[in-house]
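K.L.:
Chains as they are written, first to last, in full-length UniProt numbering: chain A, 1 to 179; chain B, 1 to 439.
Every residue gets a Cβ at the ideal spot worked out from N, C-alpha and C, and that includes glycine.
1) Determine the DSSP secondary structure at residue 303 of chain B, reduced to helix, strand or coil.
2) So residue 409 of chain B contacts chain A; which residues on that side make the cut at Cβ distance below 9 angstroms?
3) Could you confirm whether any beta carbon from chain E is found closer than 7 angstroms to the beta carbon of residue 188 of chain B?
4) Apart from the five residues just before and just after residue 173 of chain A, which ones in its own chain have a Cβ nearer than 6 angstroms to its Cβ?
5) Between the Cα of residue 289 of chain B and those of B/229, B/309, B/76, spot the shortest distance and give me the residue it belongs to.
6) Kindly provide the ranges of any beta strand (DSSP E) runs that are 3 or more residues long and lie completely inside the region 222 to 291 of chain B, ordered along the chain.
7) Which same chain residues end up closer than 6 angstroms to residue 350 of chain B when comparing Cβ atoms and leaving out the 5 residues on each side of it in sequence?
8) Quick one: what's got a C-beta closer than 6 angstroms to residue 247 of chain B's C-beta in the same chain, skipping five residues either side?
9) Can you pull the chain A residues whose beta carbon is under 8 angstroms from the beta carbon of residue 200 of chain B, in chain order?
10) How is residue 362 of chain B classed by DSSP in three states: helix, strand or coil?
11) Quick check: the region 245 to 261 of chain B against the region 199 to 208 of chain B, are there 3 or more CB pairs under 8 angstroms?
12) Nearest to residue 82 of chain A by CA position, among B/281, B/232, B/296, B/127, is which residue?
13) Within 7 angstroms (strictly less), CB to CB, does residue 420 of chain B reach chain A?
14) Rounded to whole angstroms, what is the Cα-Cα separation between residue 11 of chain A and residue 82 of chain B?
15) So the alpha helix (DSSP H) residue 57 of chain A belongs to, where does it begin and stop?
16) Suppose contacts are defined by Cβ-Cβ distances below 7 angstroms. Is residue 432 of chain B in contact with residue 286 of chain B by that definition?
17) Which chain A residues sit within Cβ distance under 7 angstroms of residue 197 of chain B?
18) Nearest chain B C-beta to residue 42 of chain A closer than 7 angstroms, yes or no?
19) CA-CA distance, residue 212 of chain B and residue 128 of chain A?
20) Spatial neighbours of residue 133 of chain B within its chain, please: CB distance less than 6 angstroms, with the 5 preceding and 5 following residues excluded, ordered by chain position.
21) At which residues does the beta strand (DSSP E) containing residue 381 of chain B begin and terminate?
22) Please classify residue 425 of chain B: is it buried, with 16 or more other beta-carbons within 10 angstroms of its beta-carbon, or exposed?
23) State buried or exposed for residue 69 of chain B, treating a residue as buried only when at least 16 other CB atoms are found within 10 Å of its CB.
24) Using 7 angstroms as the threshold, is the C-beta distance between residue 125 of chain B and residue 90 of chain B below it?
25) Exposed or buried, what is residue 123 of chain B when buried is set at 16 or more other beta-carbons lying within 10 Å of its beta-carbon?
26) Would residue 5 of chain A pass as a contact of residue 60 of chain A if the rule is Cβ separation under 7 angstroms?
27) Output yes or no for whether 7 angstroms exceeds the beta carbon distance between residue 305 of chain B and residue 295 of chain B.
28) Compare the C-beta of residue 373 of chain B with all C-beta atoms of chain A and state if any pair is closer than 7 angstroms.
29) Given residue 314 of chain B, which residues of its chain have a CB within under 8 angstroms of its CB, disregarding the five upstream and five downstream residues?
30) Classify residue 417 of chain B as buried or exposed, calling it buried when 16 or more other Cβ atoms lie within 10 Å of its own Cβ.
31) What is the rounded straight-line gap between the Cα of residue 64 of chain A and the Cα of residue 147 of chain A?
32) Express the C-alpha separation of residue 25 of chain B and residue 4 of chain B in angstroms, rounding to a whole number.
33) What are the boundary residues of the beta strand (DSSP E) that residue 293 of chain B is part of?
34) How many angstroms separate the CA atom of residue 71 of chain B from the CA atom of residue 51 of chain A?
35) Can you give, in chain order, each stretch of the beta strand (DSSP E) that sits fully within the region 303 to 346 of chain B and has at least 3 residues?
36) Could you have a look at residue 7 of chain A and say whether DSSP puts it in helix, strand or coil?
What follows is the structure in structure tokens.
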């Protein structure tokens, strides 16, 4: 059993599925978190090293404080690293491409394009997320909106029928909502 | 009776198969006691009359399920002399003598399933096998180092052809490095880490696994070959062997220090491919997966291309000729059963494939210059889409001797299954022989 932020994650699933056991993480977010921390997403959870588990816990405790993503440079086919044994880079092809103005083969590196923004910066999980949801409901109640009154009565909020069904709302809707 | 109606039909079927299995075990023990000589407590079987009949006549007069055990004693192992034109249609088994490359490196999944059906892993020599082996024999000339990709329709026998080539090369004392499931290099199943020195994502565990498998082959070349390239990686852990040390020391270093395993793998392959004393075969199944976008993701969640991962990049550099094997060959086989890793446009055009490998790319599909660079110089080796009658008869003979057919073997059964499958090897074996109750 792997414990992250006090949550026991199942050993039978790969990392990208097991992480959804944490409140606030769905499958898409789980994949993004694995990619962010360079954890191979199909890894069986027991195979994660202690460093990877620590990195996960550290990230999920404070996602907003995580360091900025570095701009990774990725090598093109004509890139020759310093440690190199029998690799022969075709200089003639490289020069011909530069002459033609084609940049992809000419440059030694192809800089990776950074995404539109780090979606994981505003991530909330577990206690933070529960507190956020509870505060939203409390705000509705304080300003006396319809939504707040429905939460207080324990009835459906979003316009559902109440003559039949509505059992989930009756069970879960509270001002101090637990789940 | 009322209780039976409550149970679903599937459980009734289970009960019947359990009873059959119990009967089969008893009968198998009875038959084994007949094969042995001394009587044992197992001779008190459920079918004493049948056992008596067997003792006297030893003919096939029992139910097909309880026939004699498989008799493959006459089948010989693959050797250098077994692959010639005269032996087309003859079945040979893959040698179990250690080091067994099939056990060390593994086999593709479809081949593993087929091996589980038969009593011995074996395959039939085809004309294509003879041609491929001739091509490999020519590769001893340093000017001719073939980079060949086995192509063909789905089920035409590409993986088996590759295995036969591996067996031949092992028997001929080549150094063999086989990657039977190329998809495992790119399907995000092993750890990866970015390295700024090479500007690629390293795969340390995968590299260490390949090094360990190479060491397990226990080839004499690993102690005979001496290092010529110095291992000058900056900030490398101590213990790297010097120039002039045996190659096996460098392999041990790479297995021990997993953080530098990717660099060690590159150095080891460079040493093996630079020497000319021992021929080297680099065999990759699921070759097309190297040229696809991998399932790995960068920290920005962008998909990582195959050529930005250390192990696929190394293989593609050998495939494109950027790294050369002085004595030996690179042999790949495409696989057409994985929808996530299909044959890409650039590889399709480089190998000049036909419609059995997928839709022909049109003029509007984008071609990546990088992938075109990595697929230049590859030579296609087309597998015939149909088995010859002789080859199919060889497979049928293996199944008869294995007592693996569900029904009585006959020429009519053989010809009908051969025609129904149109000579396609996989269809002939899986749908024709394995799944039929026709007689």
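P.N.:
The relevant details are as follows:
1) Taking the first residue of the second chain as 1, we reach residue 303 of chain B at position 303. Three-state result, residue 303 of chain B: strand.
2) The count along the second chain starts at 1 and reaches residue 409 of chain B at position 409. Within 9 angstroms Cβ-Cβ: nothing; residue 409 of chain B doesn't reach chain A, min ~44 angstroms.
3) Protein chains A and B are contained in the structure displayed, whereas chain E is not.
4) Along the first chain, one-based indexing puts residue 173 of chain A at 173. Cβ within range, chain order: 151, 154.
5) What you label residue 289 of chain B is simply residue 289 of the second chain in a count that begins at 1. The option with the nearest alpha carbon to residue 289 of chain B is B/309.
6) Complete beta strand (DSSP E) runs here, min 3: 280 to 285.
7) Here residue 350 of chain B corresponds to residue number 350 of the second chain, with the count starting at 1. Closer than 6 angstroms at the Cβ level, and outside the excluded window around residue 350 of chain B, lie 375, 378.
8) Locating residue 247 of chain B in the second chain gives position 247, where the first residue counts as 1. Beyond the five residues adjoining it in sequence on each side, residue 247 of chain B comes within less than 6 angstroms, by CB distance, of 222, 225, 271 in the same chain, given in chain order.
9) Position 200 of the second chain, counted from the first residue, corresponds to residue 200 of chain B. Residues of chain A passing the Cβ test: 74, 75.
10) Indexing the second chain from 1 puts residue 362 of chain B at position 362. Three-state result, residue 362 of chain B: coil.
11) Yes, they touch.
12) Position 82 of the first chain holds residue 82 of chain A. The shortest Cα separation from residue 82 of chain A among B/281, B/232, B/296, B/127 belongs to B/232.
13) By one-based count along the second chain, residue 420 of chain B stands at place 420. Chain A contact via Cβ: absent.
14) In the first chain, counting from the first residue as 1, residue 11 of chain A sits at position 11. In the second chain, counting from the first residue as 1, residue 82 of chain B sits at position 82. Rounded to whole angstroms, residue 11 of chain A to residue 82 of chain B spans 49 angstroms at the Cα level.
15) Position 57 of the first chain, counted from the first residue, corresponds to residue 57 of chain A. Start and end: 50 to 61.
16) Locating residue 432 of chain B in the second chain gives position 432, where the first residue counts as 1. Locating residue 286 of chain B in the second chain gives position 286, where the first residue counts as 1. If you check the CB distance, residue 432 of chain B and residue 286 of chain B do not come in under 7 angstroms.
17) Looking up residue 197 of chain B in the second chain gives position 197. Result: 81, 82, 83.
18) As a first step, residue 42 of chain A must be located in the first chain, where it is residue number 42. By this cut-off, residue 42 of chain A is an interface position.
19) The count along the second chain starts at 1 and reaches residue 212 of chain B at position 212. The count along the first chain starts at 1 and reaches residue 128 of chain A at position 128. One C-alpha to the other measures close to 46 angstroms.
20) Stepping through the second chain from its first residue, residue 133 of chain B is reached at position 133. So the list reads 83, 168, once near-sequence residues are dropped.
21) Here residue 381 of chain B is taken as the residue at index 381 of the second chain, counted from 1. Unbroken beta strand (DSSP E) run through residue 381 of chain B: 379 to 382.
22) As a working note, residue 425 of chain B is residue 425 in the second chain. Residue 425 of chain B comes out buried.
23) Mapped onto the second chain, residue 69 of chain B falls at position 69. The residue is exposed, with fewer than 16 neighbouring Cβ atoms inside 10 Å.
24) The residue you call residue 125 of chain B lines up with position 125 of the second chain. The residue you call residue 90 of chain B lines up with position 90 of the second chain. Yes, these two residues count as a Cβ contact at 7 angstroms.
25) To locate residue 123 of chain B, count along the second chain from 1; it is residue 123. Classification of residue 123 of chain B: buried, given that the 10 Å Cβ count is 16 or more.
26) Here residue 5 of chain A refers to the residue found at position 5 of the first chain. Here residue 60 of chain A refers to the residue found at position 60 of the first chain. Yes, the pair counts as a contact, with Cβ atoms nearer than the cut-off.
27) For the purposes of this step, residue 305 of chain B is taken as residue 305 along the second chain, with counting starting at 1. For the purposes of this step, residue 295 of chain B is taken as residue 295 along the second chain, with counting starting at 1. Contact: no.
28) If you number the second chain from 1, residue 373 of chain B lands on position 373. Yes, contact with chain A.
29) Counting from 1 along the second chain, the entry for residue 314 of chain B is found at position 314. Closer than 8 angstroms at Cβ, skipping near neighbours: 265, 266, 269, 323.
30) Within the second chain, numbered from 1, the residue matching residue 417 of chain B stands at position 417. Buried is the call here.
31) Here residue 64 of chain A refers to the residue found at position 64 when the first chain is read from its first residue. Here residue 147 of chain A refers to the residue found at position 147 when the first chain is read from its first residue. Approximately 30 angstroms, taken between the alpha carbons.
32) Locating residue 4 of chain B in the second chain gives position 4, where the first residue counts as 1. Locating residue 25 of chain B in the second chain gives position 25, where the first residue counts as 1. Confidence at residue 4 of chain B is low in this model, with a pLDDT of 44, below 50, so its placement is unreliable and the value that follows should be read with caution. Their Cα atoms are separated by approximately 27 angstroms.
33) What you label residue 293 of chain B is simply residue 293 of the second chain in a count that begins at 1. Its beta strand (DSSP E) spans residues 293 to 297.
34) By 1-based counting over the second chain, the position of residue 71 of chain B is 71. By 1-based counting over the first chain, the position of residue 51 of chain A is 51. Cα-Cα distance, rounded: 54 angstroms.
35) Given a length threshold of 3 residues, each whole run of the beta strand (DSSP E) inside the region 303 to 346 of chain B is given here in chain order: 303 to 305, 328 to 333.
36) In the first chain, counting from the first residue as 1, residue 7 of chain A sits at position 7. The answer is strand: DSSP assigns residue 7 of chain A an E or B state.
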